[in-house]
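**Student:**
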Amino acid sequence: MGKIWSFIHKLGSPRWFYAISARLMPWFWVAAAALILVGSVWGLAFAPADYQQGNSFRIIYVHVPAAFLAQSIFVSMAVAGLIFMVWRIKIADMAAAMMAPLGAAMTFVALFSGAVWGVPTWGTWWMWDARLTSMLILLFLYFGVIALRGAFSSRDSGSRAASVLAMVGVINIPIIKYSVDWWYTLHQPATFSVTSRPAMPMEMWAPLLIMVLGFYCFFIAVTLMRTRSEILRRESSKRWVRELAGEVT
Amino acid sequence: MAFDSFQDFLAMGGHAPYVWASWGVTGALLVGIVLHARAERRQLLRHLRRRERRERRQPLTNQTSHHTGGRHHEA
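Going down the list, the sequences are from chains A and B.
According to this note's numbering, the first sequence is numbered sequentially starting from 79.
According to this note's numbering, the second sequence is numbered sequentially starting from 1471.
1) Excluding the 5 residues preceding and the 5 following M172/A in the sequence, name in chain order all residues of the same chain whose CB lies nearer than 6 Å to its CB.
2) Which residue marks the beginning of the alpha helix (DSSP H) containing I19/A, and which one marks its end?
3) Taking the alpha carbon of F95/A as the point to measure from, which residue in K316/A, N250/A, L302/A and L216/A has its own alpha carbon closest?
4) Touching or not, the region 160 to 177 of chain A and the region 1487 to 1503 of chain B, by the rule of three or more beta carbon pairs under 8 Å?
5) So, under 8 Å CB-CB, M213/A and L189/A are touching, yes? Tell me the CB distance rounded to an integer number of Å.
6) Please report the Cβ distance between A323/A and L1480/B, rounded to the nearest whole angstrom; I am assuming they are in contact, meaning their Cβ atoms lie under 8 Å.
7) Going by beta carbon distance, what residues of the same chain come within less than 6 Å of D207/A, once the five residues before and after it are set aside?
8) Taking 7 Å as the limit between beta carbons, can you name the residues of its chain near R1521/B, skipping five residues before and five after?
9) Can you pull out the residues from the region 193 to 223 of chain A whose beta carbon lies closer than 8 Å to at least one beta carbon of chain B?
10) For A1472/B and chain A, any beta-carbon pair shorter than 8 Å?
11) Measure the Cβ-Cβ separation of A1486/B and A127/A and say whether it is below 8 Å.
12) Which whole-angstrom value is the C-beta distance of T199/A and S134/A, which I expect to be below 8 Å?
13) Within 8 Å, do at least three Cβ pairs link the region 131 to 147 of chain A to the region 221 to 235 of chain A?
14) How long is the line joining the alpha carbons of A1498/B and H1506/B, rounded to whole angstroms?
15) Whose Cβ in chain B lies nearer than 8 Å to the Cβ of V319/A?
16) If you count every other CB in all the chains shown that lies within 10 Å of the CB of S191/A, and 16 or more means buried, which is it?
17) Would you grab the beta carbon distance between C295/A and F106/A for me? Rounded to a whole angstrom, and I think it's under 8 Å.
18) Locate the alpha helix (DSSP H) running through H87/A, then write down its first and last residues.
19) Mapping the DSSP letters down to three states, classify D171/A as helix, strand or coil.
20) Taking 8 Å as the CB-CB limit, is A109/A close to chain B?
21) How many Å lie between P179/A and Q1528/B at the Cα?
22) How do the region 79 to 93 of chain A and the region 250 to 259 of chain A stand: do at least 3 beta-carbon pairs fall below 8 Å, yes or no?
23) Between R1524/B and P104/A, what straight-line distance do the alpha-carbon atoms span, to the nearest angstrom?
24) Count the other C-beta atoms from every protein chain shown that fall within 10 angstroms of the C-beta of R1541/B, then say buried if there are 16 or more, exposed otherwise.
25) Out of A100/A, L102/A, K88/A and V119/A, which one is the CA nearest neighbour of E281/A?
26) Using beta-carbon positions only, say whether I169/A and G90/A come within less than 8 Å of one another.
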């Protein structure tokens, strides 16, 4: 236990995080690129067409990973907010700040690809279906978190407000998840489930799984990279950052 | 391979606008996010480096300089 705690404490130190993330980040970039490349080629060209939806179903390979990330990033942001509020670990707040725009972008991708997919599949690009509406609320929650963070003259106040909104807003996540079961109107139920076998043949869900994993690696890589930048920005007057800036030529 | 020819692949069985619009927007955003993250880091490092060089050029005895003076405390 002692070792784990000292590891967590070190991780909370910006300087140490900056060093360790430099070693981790390349792996996530490589994994993200490889998985997304393989998943795209497989999903676009090799997976069989859906017997009902034809080739429009290939939208699933960007839609579902983006929707997964949109929700996971919000949960990560809320957890980071909690860590920041309880233990005052600055790194958690920096990461949360960097996650928000990425989460908003992924929510937008999920909504956009879903709307485009809806035209040939449902005959409409939008309906006030529970899943669609709760995803739109997620997008507004992301905007709210981003705006709230910037609305204070003191950084710490902005960080606290954004953390609280993320922690409160996380209640929307189970609503998104169960919306398709509670109010089954338009959106189809979950494609993936931990407890049951996939309803799709392997040639269809394998590329989806690969894309989902690729998107998660992408999220981790981008968050590590941008958190490193945020460290340099916030700690720019620290001696180690000054020395680093002096070395890099 | 689910398609007979490259034309077939592009046509997506008549669903080309939907498939390519979704994939195109997603791909463009992912690439944009990576380019932004890279530009952000480069700009930041350039800024820090420039500041470091500027402050090194100033004689350290110059106490009236307007910069933070953090080094004096830490030294």
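Don't be surprised by glycine CBs; every beta carbon is placed ideally from N, CA and C.
**Tutor:** To lay it out plainly:
1) The residues are T305 and E308.
2) With chain A represented from 79 up to 327, any question about residue 19/A goes unanswered, as that position is not in the structure.
3) The option with the nearest alpha carbon to F95/A is L302/A.
4) No: fewer than three Cβ pairs fall under 8 Å.
5) 6 Å
6) At roughly 49 Å, the Cβ-Cβ gap does not stay under 8 Å, so A323/A and L1480/B are not in contact.
7) T263, L264 and H265
8) none
9) Listed by position along the chain: V194, W195, V197 and P198.
10) yes
11) no
12) 6 Å
13) No, the region 221 to 235 of chain A is not in contact with the region 131 to 147 of chain A.
14) For A1498/B and H1506/B, the gap between their C-alpha atoms comes out near 12 Å.
15) L1518
16) buried
17) About 5 Å separates the two Cβ atoms, so the contact holds.
18) G80 to L89
19) Under the three-state reduction of DSSP output, D171/A falls in the helix class.
20) no
21) 39 Å
22) no
23) 32 Å
24) For R1541/B, the predicted structure reports a pLDDT of 45, less than 50, and the residue's modelled location is therefore unreliable. A value from the coordinates is still provided. Under this definition R1541/B is an exposed residue.
25) If we check each option's Cα against that of E281/A, V119/A comes out closest.
26) Cβ distance < 8 Å, so I169/A and G90/A count as in contact.
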